[in-house]
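In what follows, a single structure is set out as structure tokens and then discussed.
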Amino acid sequence: MRGPDEWDGRERSGGPGERPRIPSPRPAAEDHGPLPDLPPVPHRRPSPVPAPTPPHHAPAEYESDDDPVTGDDTGPPPAAPSHKVLKSLLGAWALAACSSEETTAVEAHLTDCAACAEEALRLRDAVGLLHPADSLDLDPLLRSRVLEGCLGRRPPRIPVPEWAMPFDAEAAKLDALLRDMGESEWRAPVRLRWFDGREPVERDTTVAGVIGHLMAVDGMVATSLGLPDPLGPAAPEHPGPRRRTEAYWRTLGEDPDPRAPHDPWREQSQALIRTASFAGGGVAELSVPYGKFDLALRDAFLDRAFETWVHAGDIADAVDYPYRPPAAGHLHLLVDLAARLLPTTLAQRRRDGLAAPPQQLVAAGAPGRSLHLEVEGSGGGDWYIALDSPAAVGSPECTVAHLALDSDEFCQLAAGHISPEETAAGQTGEREAIREVLFATAALSRL
Numbered sequence: 000m001r002g003p004d005e006w007d008g009r010e011r012s013g014g015p016g017e018r019p020r021i022p023s024p025r026p027a028a029e030d031h032g033p034l035p036d037l038p039p040v041p042h043r044r045p046s047p048v049p050a051p052t053p054p055h056h057a058p059a060e061y062e063s064d065d066d067p068v069t070g071d072d073t074g075p076p077p078a079a080p081s082h083k084v085l086k087s088l089l090g091a092w093a094l095a096a097c098s099s100e101e102t103t104a105v106e107a108h109l110t111d112c113a114a115c116a117e118e119a120l121r122l123r124d125a126v127g128l129l130h131p132a133d134s135l136d137l138d139p140l141l142r143s144r145v146l147e148g149c150l151g152r153r154p155p156r157i158p159v160p161e162w163a164m165p166f167d168a169e170a171a172k173l174d175a176l177l178r179d180m181g182e183s184e185w186r187a188p189v190r191l192r193w194f195d196g197r198e199p200v201e202r203d204t205t206v207a208g209v210i211g212h213l214m215a216v217d218g219m220v221a222t223s224l225g226l227p228d229p230l231g232p233a234a235p236e237h238p239g240p241r242r243r244t245e246a247y248w249r250t251l252g253e254d255p256d257p258r259a260p261h262d263p264w265r266e267q268s269q270a271l272i273r274t275a276s277f278a279g280g281g282v283a284e285l286s287v288p289y290g291k292f293d294l295a296l297r298d299a300f301l302d303r304a305f306e307t308w309v310h311a312g313d314i315a316d317a318v319d320y321p322y323r324p325p326a327a328g329h330l331h332l333l334v335d336l337a338a339r340l341l342p343t344t345l346a347q348r349r350r351d352g353l354a355a356p357p358q359q360l361v362a363a364g365a366p367g368r369s370l371h372l373e374v375e376g377s378g379g380g381d382w383y384i385a386l387d388s389p390a391a392v393g394s395p396e397c398t399v400a401h402l403a404l405d406s407d408e409f410c411q412l413a414a415g416h417i418s419p420e421e422t423a424a425g426q427t428g429e430r431e432a433i434r435e436v437l438f439a440t441a442a443l444s445r446l
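Read in order, the letters of the sequence shown correspond to residues 0 to 446 in numbering that gives the first Met the number 0.
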């Protein structure tokens, strides 16, 4: 027998009597400091288990060439995305733009990776600060607000008169609409509507025809200020909105470009504002002929602002584009002009045999029978309309009827877009007086 320290030489190679070499103990890894972070172990696909081969002693008739049946036809699972790929998906995950598979992979990774989880929280908080998508269309009132802010800090050296501001704003709004339109939209059919004193009238034209109409009628104000007439030699001998419009339409067909009226119209409207501003308040009462009647320049500018807004709405309807009414302060000036013109319009309708004769005549400047016109909504107010004579003064003490209208409906009536019979109005008092005022309001419209 051998003792514990004896070796017979058969357990390892070597000569007899040679003892095996036993290595000395090695230091542990922790003895040299903290262990470094190990890289993530890549996921390895499990090696397929080879099919068992038949034993060599099996008879040949029991051997088969068919593939072995493993019970799983789906194949090995796909490899998980790498850390780099999952980190690149954090932005899309925060925006909820990942697919369902990507979302599952990212959220599973966030439970194991603290750095990515912290980054994901920062991205999710940043997404909450993003604003929702806004419309690309500019606010029609943006120009007015910018100008108001600029003028509030530095007043203009030559200010635009208050009575010219509505026309300036409405021409700028219409110009912005026209600049967004293509050639086909300039040829879009537009139906103009007005009230000739007895019944509604319609006329079909195009967007180009509407702009030509505005330019031709604006030309009456331009010639009163000494500016060139846009019609040139084609201008009719007797001024009037309808005659001038038809004269321009006869020349419009000669130009193959439907956008031809745009630049001349815009240049003329800018020249009108510029000239009125340089002329100052002294030209406010300058007379502008309108055919059968004259208007002071300040009222002519308001009339042009009203018609520009109305026809811009006609164009917007034709090209299916939203359009907003004037600002409240400007709309009030336009409603005030229409209310001030009603006594004169009533008198003209009596001369044409379209209204009943006056019931009570009073001295010029004295209060007479009146109708209380209440316009509600943006730009509204209260007016007292003299019923029997334009020289009389409307007063609350002589009120015989009350008529209440929404501001939008009143403007649509004054534009001839709705008939007096269709107007939804609050009415109290003398029915005949209310009817006469409604028809007179519709008679303010024209081509």
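All C-beta atoms, glycine included, are put in the ideal place defined by N, C-alpha and C.
CB contact check: residue i to chain D, cutoff 9 Å
| i | result |
| --- | --- |
| A175 | In summary, chain D is missing from the structure at hand, where a single protein chain is found. |
Opposing strand residues paired with residue i [DSSP bridges]
| i | result |
| --- | --- |
| R190 | D203 |
| P288 | D293 |
| V334 | Partner(s): none; V334 has no beta bridge. |
8 Å contact criterion, which residue i and residue j should meet: CB distance rounded
| i | j | result |
| --- | --- | --- |
| T422 | E431 | Between E431 and T422 the Cβ distance is about 16 Å, and since that is not below 8 Å, they are no contact. |
| L402 | A424 | 6 Å |
| S286 | A275 | Their Cβ separation, rounded to whole angstroms, is 15 Å, which puts S286 and A275 out of contact at 8 Å. |
| G239 | G290 | 3 Å |
| L404 | V374 | 6 Å |
| V334 | C410 | 7 Å |
Beta carbon of residue i nearer than 9 Å to that of residue j
| i | j | result |
| --- | --- | --- |
| P325 | A304 | yes |
| L230 | F166 | no |
| A413 | L443 | yes |
| W162 | D293 | no |
| R186 | D313 | no |
| A283 | P160 | yes |
| A391 | P366 | yes |
| L447 | L345 | Since the first residue shown for the chain is 0 and the last is 446, residue 447 is missing from the structure and cannot be characterised. |
| A119 | L109 | yes |
| R192 | G415 | yes |
Member of the options whose CA lies at the smallest distance from the CA of residue i
| i | options | result |
| --- | --- | --- |
| V216 | C115, W264 and E118 | W264 |
| V209 | L177, G352, G290 and E101 | L177 |
| A125 | A93, R152, T103 and A283 | A93 |
| R142 | A171, E117, E118 and K83 | A171 |
| F277 | M214, A354, I157 and H212 | I157 |
| A434 | L372, V282 and S183 | According to the sequence shown, residue 434 is Arg rather than Ala. Nearest option by C-alpha distance: L372. |
| H212 | A338, H310, P357 and V361 | H310 |
| S418 | D195, P188, H82 and P155 | D195 |
| T95 | L122, R350 and T440 | The residue you asked about is not Thr; residue 95 is Ala in the sequence shown. Residue L122 is the option with its Cα nearest to A95. |
| P232 | T250, G352 and L446 | T250 |
Sequence-distant residues of the same chain with beta carbon closer than 8 Å to residue i, five excluded per side
| i | result |
| --- | --- |
| R20 | Residue placement at R20 is flagged as unreliable, the pLDDT there being 45, under the threshold of 50; a coordinate-derived value is accordingly withheld. |
| G218 | D228, P229, L230, A234, R243 and Q267 |
| V361 | G367, D387, S388 and A391 |
| L224 | L271, T274, A275, A278, V282, L285 and L296 |
The ligand MN heavy atom lying under 8 Å from the CB of residue i
| i | result |
| --- | --- |
| H82 | Of ligands this structure carries none, so the ligand MN is not represented either. |
Own chain residues within Cβ distance below 7 Å of residue i, not counting five before or after
| i | result |
| --- | --- |
| L88 | C97, E101 and V105 |
| P342 | I384, A385 and P389 |
| E429 | V399 and A400 |
| D179 | none |
| W533 | With the chain covering only 0 through 446, there is no way to say anything about residue 533. |
| L330 | P324, S377, G378 and S406 |
Same chain, Cβ closer than 6 Å to residue i, five either side skipped, listed in chain order
| i | result |
| --- | --- |
| A207 | W185, P257 and P260 |
| P183 | Pro is not the amino acid found at residue 183; the sequence shown has Ser there. Taken in chain order, the list of residues that qualify is empty. |
| R25 | Residue placement at R25 is poorly supported in this model, since its pLDDT is 48, which falls under 50; the coordinates still yield a value, given next. No residues qualify anywhere along the chain. |
| P357 | D387 |
| E29 | Residue placement at E29 is poorly supported in this model, since its pLDDT is 47, which falls under 50; the coordinates are not used for a value here. |
| L85 | V105 and H108 |
| A363 | A390 |
| A327 | S377 and G378 |
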